[in-house]
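Numbering (this note's numbering), first residue to last: 8 to 247. Just so it is clear, CB atoms sit at the ideal spot from N, CA and C, and this is done for glycine as well. Encoded as structure tokens, the structure appears first; notes follow it.
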């Protein structure tokens, strides 16, 4: 049954404290251009120049995607973003090669969609095993891209090229961070000389971040084994 209320009238009736309203065009303020925008533009520029003059036979697209993914407010955040893309692309790319063959040939009479789902589950499992939970999305992307858009003769060269070029783009951006560090990185002492040390530290914090995220997810959405056992016991008691 409709009462004839529009969105604004319904909000008024509900007495919502923060009512959503369109911002008048005259009150629009352009966001301030920050260092992250300049760093992104510079990373893309450097990557494009490198591929134009040094790696002209390769596809610049994958490297540019990797370069943009590795952008963050500081080196550590950029590393986390970039390693997500690299690990995901590596895992999804390597696993899609055999599963593409299974998908197209359908051995043992098993339908292609079974092979697609099986391969995706393996991609997810491998990322979990590596402690790279947040790399699942980029890994799934390359998996589906290869399955549905790349021809049989290009699967292996396309996948290997995408893995290498993504890693190259990420590396260029991370080197940019140590050559042009953010204010936080300067205070921390990030420089070209400390690149390897910072990389090892960032990788450890990346693994810890994924573990904490997984733990928090279980606390918010899951139940531990003890609680699960108690719950099942109560159900059995009620059935008796």
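Worksheet item: Between the Cα of residue 196 and the Cα atoms of 81, 52, 60, 217, which residue gives the shortest distance?
Response: 81
Discussion item. Please give the ranges of any alpha helix (DSSP H) in the stretch 60-85, keeping only runs that are unbroken, at least 4 residues long and fully inside the region.
Written reply: The qualifying runs are 67-76.
Fill in: Within 8 Å, strictly: CB atoms of residue 89 and residue 204
no
Worksheet item: In the stretch 179-213, which residue ranges form an unbroken alpha helix (DSSP H) of at least 4 residues, counting only runs that do not cross its ends?
Response: 190-195
Discussion item. Tell me which residues share the same chain as residue 111 and place their Cβ nearer than 8 Å to its Cβ, disregarding the 5 neighbours each side in the sequence.
Written reply: 119, 159
Worksheet item: In whole angstroms, what separates the C-alpha of residue 206 from that of residue 226?
Response: 30 Å
Discussion item. Suppose contacts are defined by Cβ-Cβ distances below 8 Å. Is residue 216 in contact with residue 87 by that definition?
Written reply: Cβ distance < 8 Å, so residue 216 and residue 87 count as in contact.
Item to complete: Please report how far the alpha carbon of residue 117 lies from the alpha carbon of residue 124, in whole angstroms.
Response: 12 Å
Worksheet item: Cα separation between residue 83 and residue 36?
Response: 31 Å
Worksheet item: Would residue 67 pass as a contact of residue 58 if the rule is Cβ separation under 8 Å?
Response: yes
Worksheet item: Using the beta-carbon count (16 or more within 10 Å), is residue 191 buried or exposed?
Response: exposed
Worksheet item: Does the Cβ-Cβ distance between residue 100 and residue 169 come in under 8 Å?
Response: yes
Worksheet item: My guess is that residue 43 and residue 94 are in contact by the Cβ rule of under 8 Å, so how many angstroms apart are they, rounded?
Response: Residue 43 to residue 94, Cβ: 23 Å. No contact.
Discussion item. To the nearest angstrom, how far is the alpha carbon of residue 201 from that of residue 130?
Written reply: 33 Å
Discussion item. Using only CA atoms, which one of 74, 173, 104 lies nearest to residue 154?
Written reply: Of the listed residues, the one whose Cα sits closest to residue 154 is 104.
Practice prompt. Using the Cα positions of residue 162 and residue 69, report the straight-line distance between them to the nearest angstrom.
Written response: 15 Å
Worksheet item: If you follow the alpha helix (DSSP H) that residue 123 is part of, which residue opens it and which one closes it?
Response: 119-136
Fill in: Where residue 132 falls, given that 16 or more other Cβ within 10 Å makes a residue buried
exposed
Worksheet item: If you follow the alpha helix (DSSP H) that residue 144 is part of, which residue opens it and which one closes it?
Response: 143-156
Worksheet item: Quick one: what's got a C-beta closer than 7 Å to residue 51's C-beta in the same chain, skipping five residues either side?
Response: 71, 74, 75
Discussion item. Please report the distance separating the alpha-carbon of residue 184 from that of residue 198.
Written reply: 8 Å
Worksheet item: Looking only at its own chain, which residues have a Cβ that is under 7 Å from the Cβ of residue 41, when we skip the five neighbours before and after it?
Response: none
Worksheet item: Cα-Cα, which of 53, 45, 135 is closest to residue 175?
Response: If we check each option's Cα against that of residue 175, 53 comes out closest.
Worksheet item: Could you give the distance in angstroms between the alpha-carbon of residue 141 and the alpha-carbon of residue 64?
Response: 32 Å
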